[in-house]
Amino acid sequence: METLINFLPSIIIIFTMFVVTLLIALYSTYGERKVAAFLQDRIGPNRAGPWGLLQPFADGVKMFTKEEIIPDSANKFLFILGPSIAMICCLMTSVVLPWGGELTLFGKTFYLQAVDLNIGVLYVFAVVSVSVYGIMIGGWASNNKWSLMGAIRGSSQIISYELSMGLSIIALVLMTGSLSFRDIVNQQHGGILHWNFLMQPLSFLIFLICAFAECNRSPFDLPECETELVGGFHTEYSSMKLGFYLFSEYINMFISSAVISALFFGGFNFPGMDWLLETTHSTNIVTMVGVGAYFMKIFFFIFFFMWVRWTIPRFRYDQLMNLGWKTLIPLALVNLAVMAIIEMFKHQHAFGF
Amino acid sequence: MQTSFTNRKLVLEQKEMNIWERMYLPAIVKGLAITISHFFRKPATIRYPEQKRTVSEAYRGLHILKRDEIGAERCTACGLCALACPAEAITMEAAERKPGEENLYREEKYASKYEINMLRCIFCGFCEEACPKAAIFLEEDFAVANYTRDTFIYGKDRLVEKPKQGTKAFDIVKVGRERELN
């Protein structure tokens with residue numbers, strides 16, 4: 029009983045975030061269409077509900093009621109496993125993210141974070157790596173050459189960009205000295221000047237580019253490149269299995285935005301945080317405003333993802349590989365080396381100089 | 265090497281990109297600025313069924329058979345529009361006005377039946393030009409859509425202008441409708 033009560037906040041946060049994640053992903057589809065429309069001088073969906081706000085639900089109902097086709101030649105088990113992995117993996121990541129600071133309710137103080145893993149950053153990377161299998165297995169099980177090509181492209185792209193992503197994060201971790209999201213966010217407390225994107229601009233840039241590649245978002249959306257590969261790895265998918273793939277893309281986008289905001293933009297920290305604490309003397313208020321600030325940052329990055337999608341054309345495959353292997357990895361390595369040297373001078377006493 | 269016959273040949277100069285250009289980032293930022301400027305621009309969309317595009321006054325849409333000031337039909341079934349029609353879309357039958365119908369029909373002869381086949385019509389506007397009585401006009405409506413072909417033959421019920429309220433024709437048409445309903 030005692031342990032259950034201890035776990036209760038975590039369980040509540042996990043379930044809340046589950047629902048919030050799905051809702052945000054649902055409305056990202058709407059947001060994407062609206063943003064695309066506005067960027068192209070159109071108005072976007074406006075028929076279902078006021079301003080088209082019910083459009084995502086209409087799409088969802090359509091997805092669910094469509095005929096579900098499993099190709100004759102497909103491997104049935106793997107065909108179903110593919111979208112399941114994609115969906116499960118992207119939903120697992122949100123567990124370690126710190127959504128807010130301390131909250132005191134019913135005389136108990138707890139942190140708005142489901143689990144504070146001391147290797148949170150590594151956990152995110154591990155889960156994201158597994159999500160490659162969603163694309164790979166799905167594409168392979170379809171038994172269709174376009175799907176297979178899309179899957180191969182997707183997996184090689186994600187594996188290549190994971191390297192530079194990891195290297196850029198190592199530089200950050202060298203500076204913060206911790207792999208826990210809570211520590212990294214707390215270290216950025218105290219104004220915009222303490223946020224990591226100013227301390228580590230190169231890391232941030234590399235991480236941002238790699239995040240685009242990891243999410244299979246334009247300009248790196250080669251796995252589902254319609255003009256070349258019909259629909260890429262999800263050519264053979266229909267009904268809600270296709271829905272899961274599309275949905276996982278949007279959830280990935282949300283999670284990537286959350287990770288970027290936490291690592292580089294101070295997470296739930298916002299300018300004037302200490303001032304608000306002094307005037308209100310209530311950590312709860314500060315925490316709630318912090319949660320709002322965090323979500324504002326996340327929404328900005330989701331918008332940024334869409335903004336870039338409708339600005340930059342798709343890369344050619346060799347350009348993609350060149351950028352990944354010949355530019356980003358050396359750049360990340362140099363960044364890492366420079367950071368290592370700086371850190372060494374900062375902690376000279378530890379090296380006995 | 266062959267010389268150019270037209271002297272319009274241009275040699276394309278491909279300069280090597282400098283480091284600033286090869287970074288791509290300035291170009292990307294420029295592109296982002298262009299797209300975001302469109303974000304705040306007024307959309308070009310016309311929300312069709314609610315809003316309609318304004319058309320020019322000379323626009324040639326669906327036909328209308330006009331009434332005059334007192335609400336009487338102008339058409340005298342002279343058949344000039346049918347003669348002028350290159351698509352042979354117009355047919356009509358003439359009838360003689362009876363005493364007491366002066367408020368319904370302008371002259372002694374009128375069209376008891378007047379049909380335009382909208383599938384044949386090419387909306388050239390020759391009927392409008394041919395009409396000596398200024399009775400037929402092509403107006404702004406354009407959306408002709410239906411499920412069966414026979415509905416595209418428009419009779420007088422859909423062609424004649426609705427009588428204005430206050431004219432005698434309005435009352436007569438109204439009484440006629442009510443009588444039909446009863």
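Those protein sequence lines, which keep their order, are chains A and B. Residue numbers for the first sequence follow our numbering, so the first one is 29 and each next one is one higher. Residue numbers for the second sequence follow our numbering, so the first one is 265 and each next one is one higher. All C-beta atoms in this analysis are idealised placements derived from N, C-alpha and C, irrespective of residue type, glycine included. This structure is a prediction, so every number in the text was calculated from the model and none was measured.
Take the alpha-carbon of B/K420 and the one of B/E321: they are about 24 Å apart. Taken in chain order, the complete alpha helix (DSSP H) segments of 4 or more residues contained in the segment 222 to 271 of chain A are 224 to 227, 229 to 242 and 254 to 257. When C-beta distances to chain A are compared with 7 Å, the residues of the segment 286 to 298 of chain B below that value are I292, G295 and L296, in chain order.
For A/T137, there is no enclosing alpha helix (DSSP H); the residue is part of the beta strand (DSSP E) that begins and ends at K136 to Y139. At the C-beta level, A/C118 and A/I283 come within 8 Å of one another. Under a criterion of Cβ atoms nearer than 8 Å, no residue of chain B is adjacent to A/Q83; the nearest Cβ is some 15 Å distant. Counting only unbroken stretches of 4 or more residues, no alpha helix (DSSP H) element lies wholly within the segment 105 to 158 of chain A. The three-state secondary structure of A/V314, taken from DSSP, is helix. Nearest CB-CB separation between A/Q185 and chain B: not below the 8 Å threshold. In this structure, A/S175 sits away from A/T57, with a CB-CB distance that is not shorter than 8 Å. The C-alpha of A/V213 lies about 30 Å from the C-alpha of A/L274. When DSSP reads this structure, B/F416 sits in no beta bridge, so it has no partner. B/M356: member of the beta strand (DSSP E) spanning I354 to E360, first to last residue. Taking 8 Å as the cut-off, the Cβ atoms of A/H375 and A/N297 do not count as close. Under the Cβ criterion of 8 Å, A/W303 is not counted among the residues facing chain B. Not a single C-beta of chain B is nearer than 8 Å to the C-beta of A/R344.
Interface residue (Cβ-Cβ distance to chain B less than 8 Å): A/D69 is classified as such. Exclusion of the five residues before and after B/L276 leaves no residue of its chain whose Cβ lies closer than 8 Å to its Cβ. Secondary structure at B/A407: coil, using DSSP grouped into helix, strand and coil. Residue pairing by DSSP places B/Y374 opposite B/A359 in a beta bridge. Between B/I400 and B/C349, the C-beta gap is not smaller than 8 Å, which leaves the two residues out of contact. A/V319 is not bridged by DSSP to any residue. With distances taken between CA atoms, A/I234 lies nearest to A/G352 out of A/G352, A/F85 and A/E371. Using beta-carbon distances, A/W127 does not count as an interface residue toward chain B, since no partner is under 8 Å. A/I340 reaches chain B at I292 and G295, counting residues in chain order whose Cβ is nearer than 7 Å. Under the DSSP assignment, A/F92 falls in the alpha helix (DSSP H) whose first and last residues are Q83 to T93.
Setting aside the 5 residues that flank it on each side, A/A65 is surrounded in the same chain by I71 and G72, each with a C-beta closer than 7 Å to its C-beta; the list follows chain order.
In the DSSP assignment, A/L305 falls within the unbroken alpha helix (DSSP H) covering M301 to T308.
A direct Cα-to-Cα measurement between A/G128 and A/L257 gives close to 42 Å. When DSSP reads this structure, B/I400 sits in a beta bridge with B/L329. Between the beta-carbon of A/V149 and that of A/I197 there is about 6 Å, and that keeps the pair under the 8 Å contact cut. Between B/I292 and A/I163, the gap from beta carbon to beta carbon reaches 8 Å or more. Contact annotation, B/E403 with B/G325: C-beta distance approximately 5 Å; criterion of less than 8 Å satisfied. Residue environment: B/Q429 is assigned as exposed (fewer than 16 neighbouring CB atoms within 10 Å of its CB, all protein chains considered).
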